[in-house]
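Chains C and S are the protein sequences, given in the same order. Each position in the first sequence, counted from 1, maps to that position plus 11 in the working numbering. Each position in the second sequence, counted from 1, maps to that position plus 1088 in the working numbering. Just so you know, even glycine gets a beta-carbon here, dropped at the ideal spot from N, CA and C. To start, the structure under review is shown below, and the notes come after it.
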Amino acid sequence: MIALDESGFDAQTDREPSPATLAERHDSTGLVLRLLKNLPLNQQEVIRLKFQNGLSYEEISRVTHLTKSNVGFLLHTAIKALRQRLKAEAGATFFNAERRSL
Amino acid sequence: MKLNTDESKLTAFALGELPPADCAEVEKLLADSPEARAVVEEIRTTVALLSNELAAESSPSLTMAQQMAVKRRSQPNEITEKENPFLSRLLFYGFASVVCVVLAGMFLPALSRSKSRSQRASMASQLRMMQIAQFARETPGYFHSPTSAFNTEAYNHIQDNPFLAVTQNPLSTFSIDVDTASYANVRRFLSLGQRPPPDAVRIEELVNYFSYDYPQPQGEHPFSVNVEIASCPWNAQHRLARIGLKGREVPPAQRPECNLVFLIDVSGSMSDANKLPLVKQALRLLVEQLSERDKVSMVVYASASGEVLPATPGNEKRTILQAIDRLESGGSTHGSGGIQLAYAAAVRHYIQGGANRVILCTDGDFNVGVTSPGDLIRLIREKAQSGVFLSVFGFGMGNLKDGTLEQLADRGNGSYGYVDNLDEARKLFVEQLSGTLVTIAKDVKIQVEFNPAQTVAYRLIGYENRLLLKEDFNDDTKDAGEIGAGHTVTAFYEIVPPGKEAKLPDVDPLKYQTATASVPTHASSELLTAKLRYKLPEGDTSRLIEVAVSDDGRAYAEASSDFKFASAVAGFGMILRDSQHRGKATLDAIQQLAKEGKGHDTIGYRAEFLQLIRQAKSVGVK
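See below:
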């Protein structure tokens, strides 16, 4: 019949972040926004349309008159830059720590 | 390592935007490459941080778009003129696109290919593009909607229905619900890269967002009743019964005359780009569908309320559209005053035999006057006696009072929809306008009697806040849900057959009575009888439909594609709610079921659901 796996059963692990992670997260608050403001304006705009206004690639493309692939490319470039600068600013262990807390 | 060429695909995948055709390739890459997995993880973390911080951003600095928006604001509000800032915007993007295309051509041949695909966009989507662009152009805050630092959305708590023993509870009674708001709201959360709160997920509204291909009613009743039973996809021991209603279709030419009163919240909280500006755009779509037989009035409310458009025939579009264009937000919300005025206008222009309806557009934040939900609901219930129906449309985010709006629509003989974008407005106000405006039956209640010889226990999936007492079924004074022209309503029961163990809460034996084991009256092979009561829109006495059903033992694989798709949506809801009854339902399994049940999907709603499953995966729903 259907491919079913058992992962649904014991996914109830404790998701509460540890105090240390919370402190670390607090430190990084605002960091992403600061980094965002260093990006080119067109990248900032697609980022905001996507993550603040919740538009899809399709909708962003209609609003900005960019093609969908341009939107994808801009978002990709922007997120990549943010990722790399996050690592540079917050240390290479940043993502490992965040992953546990999110 | 071929990571470099695939990285943009990984981004698209993490955002749930990769075309289905490319998903298999990326999934394979992810399975093979720990590096690729790490990249996707990093992208998701970055996106989650970004969404959080953007949502919490209180005083953003000016972006270029916003500076342009400020310039636009100082110009007269004419839609016919080409505006200079928009031209400069086009030039800016023209330049940006050239740069991007060159870059894409140099580094990403795959992207150039998809560009030529997107150039073959159909006329219809071209038109939509123009409408959104116009919307964006007229909307100062669209590119940069300020969101408050505190999220004040409110959802009423939902406790999943439990399994009930048939011997103790042979009857299950509930009111139908044609609302679809929860689905659009869930979609909004997922598109923002966030998991929706469990209480925002009402499973019946997810399932009822979709139309199913049930047969048109034949004969005297305004809707058909269709029951299908197959094995339960998330618990092979159980059976799944689907009750599906289909309301009679009313083609636009046969639609009765409409007397519509737009009741628009223009308080300060409506100023965000996805609230009042979207309301205006949505109303324009609706007005385009009206004819000279219809009448439109408009009432606004904020700190004061007033009628801004006296009843105007539907063919005087210019007058109506100008009144819509003039709407501006400001002030606090005095909901009850506006509601009084709107119903008064609707009653004044009442059309006998027509569709008389107040259409409320708001974020639901009533903060002046009658604000206790109890008082407001009493007011609405009293107004519903006048024969005027109510449609509630929720807009925007961050301040949405979901629970209040749903109850208002429920008590006001109406429906509740959530409009998160123009496409949703088009679904409600264009494609399904007859269903939105024309009620074909009201106070529709369902009562199911289970045969103890064929079932041990059952559980109604969803409809938690629509449950009725068994005594309410025959009581015509008890309010219940309405069904619109062409609407479909679907409900699922998960059924434990005899011989299978049911997890039931333990009840002490009675002290003063011996529990008489109920003896089946006759050895019937029927599994259940579904009874429906409804009233005609202008009637006060209910009519009864009865359908008895036997289980033909059908396996899930033999079920209809609508059954498969609808059960996939129900399973998706249980996963999002992290329901204890989700059994073996996983997103992968749900995706498979939804694919099998996709059917013709002419408008693409089901494809969008598949997209939603991918987005749920990307935000880490397990």
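#1: Does the distance from the C-beta atom of Ser-1522(S) to that of Arg-1381(S) stay below 9 Å?
#2: For Met-1662(S), write down the residues that DSSP places opposite it in a beta bridge.
#3: Let me know the secondary structure DSSP gives Gln-1304(S) once reduced to three states.
#4: Expressed to the nearest angstrom, what Euclidean distance is found between the alpha-carbon atoms of Leu-44(C) and Arg-1283(S)?
#5: Between Glu-100(C) and chain S, is there a C-beta pair that is closer than 9 Å?
#6: Can you find the residues in the same chain that come closer than 8 Å, C-beta to C-beta, to Val-1396(S), ignoring five residues on each side of it along the sequence?
#7: If you measure from the beta carbon of Ser-1281(S) to each beta carbon in chain C, is any gap under 9 Å?
#8: Please tell me whether Ser-1263(S) and Asp-1531(S) are closer than 9 Å, where the distance is taken between their beta carbons.
#9: If you follow the beta strand (DSSP E) that Asn-1347(S) is in, where does it begin and where does it stop?
#10: Is it true that the CB of Asn-1323(S) sits closer than 9 Å to the CB of Tyr-1043(S)?
#11: Please state the DSSP three-state secondary structure of Arg-1327(S).
#12: Out of curiosity, what's the CA-to-CA distance linking Ser-1206(S) and Glu-1696(S)?
#13: If you measure between the beta carbons of Ser-1474(S) and Ala-1541(S), is that distance less than 9 Å?
#14: Would Val-1595(S) be called buried (16 or more neighbouring beta carbons within 10 Å of its own) or exposed?
#15: Using the rule of at least 16 other Cβ atoms within 10 Å of the residue's Cβ for burial, across every protein chain shown, is Glu-1130(S) buried or exposed?
#16: Straight-line CA distance for Leu-1548(S) to Val-1254(S)?
#17: Here's a check: name, in chain order, each residue in its chain whose Cβ is nearer than 8 Å to the Cβ of Glu-100(C), leaving out the five neighbours to either side.
#18: Using the beta-carbon of each residue, which ones in chain C are nearer than 8 Å to Arg-1436(S)?
#19: My output table needs one value for Asp-1531(S): the three-state DSSP class, helix, strand or coil.
#20: Note down, in chain order, each residue of its chain lying with its Cβ closer than 8 Å to the Cβ of Gln-55(C), except the 5 sequence neighbours on either side.
#21: Tell me whether Glu-70(C) sits in a helix, a strand or coil according to DSSP, three-state version.
#22: Say whether the stretch 1302-1318 of chain S touches the stretch 1558-1567 of chain S, bearing in mind that this needs 3 or more beta-carbon pairs closer than 8 Å, one atom from each stretch.
#23: Is the separation between the beta-carbon of Asp-1267(S) and that of Asp-1353(S) shorter than 9 Å?
#24: Taking contact to mean at least 3 C-beta pairs separated by less than 8 Å, is the stretch 1310-1319 of chain S in contact with the stretch 1684-1702 of chain S?
#25: If you draw a straight line from the alpha carbon of Lys-1569(S) to that of Ala-1430(S), how long is it in whole angstroms?
#26: For Gly-1484(S) versus Ser-1417(S), is the C-beta spacing smaller than 9 Å?
#27: Buried or exposed for Arg-1466(S), going by 16 or more other Cβ atoms inside 10 Å?
#28: Counting along the chain, where does the beta strand (DSSP E) carrying Lys-1710(S) start and finish?
#29: Out of Asp-1511(S), Gly-1502(S), Leu-1510(S), which has the shortest C-alpha to C-alpha gap to Leu-1525(S)?
#30: Look at the Cβ atom of Glu-1293(S), then the Cβ atom of Ala-1329(S), and state whether they are nearer than 9 Å.
#31: Answer yes or no: does any C-beta atom of chain S fall closer than 9 Å to that of Asn-49(C)?
#32: With distances taken from CA atoms, which of Leu-1142(S), Ala-1443(S), Ala-1513(S) is nearest Lys-1363(S)?
#33: Name the two residues that bound the continuous alpha helix (DSSP H) containing Arg-1631(S).
#34: Please decide whether Gly-1692(S) counts as near chain C, where near means a Cβ-Cβ distance under 9 Å.
#35: Beta carbon of Gly-1402(S), beta carbon of Gly-1572(S): below 9 Å?
#36: Thinking C-beta only, is Phe-1653(S) closer than 9 Å to Tyr-1300(S)?
For this structure:
#1: No, these two residues do not count as a Cβ contact at 9 Å.
#2: Under the DSSP definition of a beta bridge, Met-1662(S) lacks any partner.
#3: Correct three-state label for Gln-1304(S): coil.
#4: C-alpha of Leu-44(C) to C-alpha of Arg-1283(S): approximately 21 Å in a straight line.
#5: Glu-100(C) does not count as touching chain S.
#6: Closer than 8 Å at Cβ, skipping near neighbours: Met-1386, Val-1387, Val-1388, Ala-1411, Arg-1414, Leu-1415.
#7: It should be noted that the sequence gives Gly, not Ser, for residue 1281(S). At least one beta carbon of chain C lies nearer than 9 Å to the beta carbon of Gly-1281(S).
#8: In this structure, Asp-1531(S) lies closer than 9 Å to Ser-1263(S) by Cβ.
#9: Counting along the chain, Asn-1347(S) sits inside the beta strand (DSSP E) bounded by residues 1346-1353.
#10: Given a span of 1089 to 1710 for chain S in the structure shown, any question on residue 1043(S) remains unanswerable.
#11: Of the three classes helix, strand and coil, the one that applies to Arg-1327(S) here is strand, per DSSP.
#12: Unreliable positioning characterises Ser-1206(S) in this predicted model, as indicated by a pLDDT of 36, which lies under 50. A coordinate reading is not provided.
#13: No; because the gap between Cβ atoms is not below 9 Å, this pair is not in contact.
#14: Classification of Val-1595(S): exposed, given that the 10 Å Cβ count is below 16.
#15: Glu-1130(S) should be labelled buried.
#16: Approximately 12 Å, taken between the alpha carbons.
#17: The beta carbon of Glu-100(C) sits closer than 8 Å to the beta carbons of Leu-42, Leu-46 from its chain, once the five residues preceding and following it are set aside; these are given in chain order.
#18: The contact set of Arg-1436(S) on chain C, defined by CB atoms closer than 8 Å, is empty, because the minimum CB distance reaches about 39 Å.
#19: In the displayed model, Asp-1531(S) falls within a strand according to three-state DSSP.
#20: The beta carbon of Gln-55(C) sits closer than 8 Å to the beta carbons of Leu-47, Lys-48, Ala-89 from its chain, once the five residues preceding and following it are set aside; these are given in chain order.
#21: Residue state, collapsed to three classes: helix.
#22: The stretch 1302-1318 of chain S and the stretch 1558-1567 of chain S do not touch, with fewer than 3 CB-CB distances between them shorter than 8 Å.
#23: No. Outside cutoff.
#24: No, the stretch 1310-1319 of chain S is not in contact with the stretch 1684-1702 of chain S.
#25: Reading off the sequence, residue 1569(S) comes out as Gly, not Lys. Between Gly-1569(S) and Ala-1430(S), the C-alpha separation is close to 22 Å.
#26: Not a contact, by the Cβ cut-off of 9 Å.
#27: With fewer than 16 other CB atoms across the displayed protein chains lying within 10 angstroms of its CB, Arg-1466(S) is exposed.
#28: Segment: none, Lys-1710(S) is in no beta strand (DSSP E) and carries neither H nor E.
#29: Taking only the C-alpha atoms, the option nearest Leu-1525(S) is Gly-1502(S).
#30: Result no, Cβ atoms of Glu-1293(S) and Ala-1329(S) do not sit closer than 9 Å.
#31: With 9 Å as the cut-off, Asn-49(C) does not count as an interface residue toward chain S.
#32: Between Lys-1363(S) and the set Leu-1142(S), Ala-1443(S), Ala-1513(S), the nearest pair of CA atoms involves Ala-1513(S).
#33: Run containing Arg-1631(S): none in the alpha helix (DSSP H); it sits in the beta strand (DSSP E), 1631-1638.
#34: Under the Cβ criterion of 9 Å, Gly-1692(S) is not counted among the residues facing chain C.
#35: In this structure, Gly-1572(S) does not lie closer than 9 Å to Gly-1402(S) by Cβ.
#36: Cβ atoms of Tyr-1300(S) and Phe-1653(S): closer than 9 Å.
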